[in-house]
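In the working numbering, the protein residues as written are 5 to 152.
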């Protein structure tokens, strides 16, 4: 299984599963002997970190000091609410996925120290492609393709 395919599978498990299903789907992924357990654990840390980074960036998109009245005046009330709700969703998905990974024996309890950016990034490898994908996701458009 390629690393990208593994990452896609892990993201699918984290974002498209109910908490009770995550453990079962992780166990199924671990039973596939073609991917070493260490690789799955490493990519699991990476996926959790990326979900939390995305949540953090979404929390920062609407300025924290933007009042509800200002958002309404600018016509951004719905966008602010949906962006903050999606950020909370991503953070919850990352937390649930981390608990499932601990239960599956992929991560040790407390392995992901996410209360600081340093702890969040510890053990997470972010490629140039990940950065370009994040820029496309946040800012839209294809001007971020091919390292531009």
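Even for Gly, the Cβ is constructed at its ideal location relative to N, Cα and C.
In its chain, beyond the 5 residues on either side, 110, 111 have a beta carbon closer than 7 Å to the beta carbon of residue 45.
Here the C-alpha atom of residue 101 lies approximately 31 Å from the C-alpha atom of residue 69. Excluding its 5 nearest sequence neighbours in each direction, residue 90 has C-beta neighbours in its own chain below 7 Å: 62, listed in chain order. Note that the C-beta distance between residue 41 and residue 95 is not below 8 Å. Within the region 16-88, the runs of alpha helix (DSSP H) at least 4 residues long that lie entirely inside it are, in chain order, 23-35, 41-64, 72-77. Take the alpha-carbon of residue 103 and the one of residue 24: they are about 11 Å apart. Distance from the Cα of residue 49 is smallest, within the candidate group 11, 39, 33, for 11. Looking only at 87, 58, 83, the smallest Cα-Cα distance to residue 134 is reached by 58.
Residue state for residue 138 is assigned as helix, using DSSP reduced to three classes.
Nearest C-alpha to residue 138 among 54, 15, 79: 54. For residue 75 and residue 83, the gap between their C-alpha atoms comes out near 9 Å.
The same chain holds no residue with a CB closer than 6 Å to that of residue 80 once the five nearest residues on each side in sequence are set aside.
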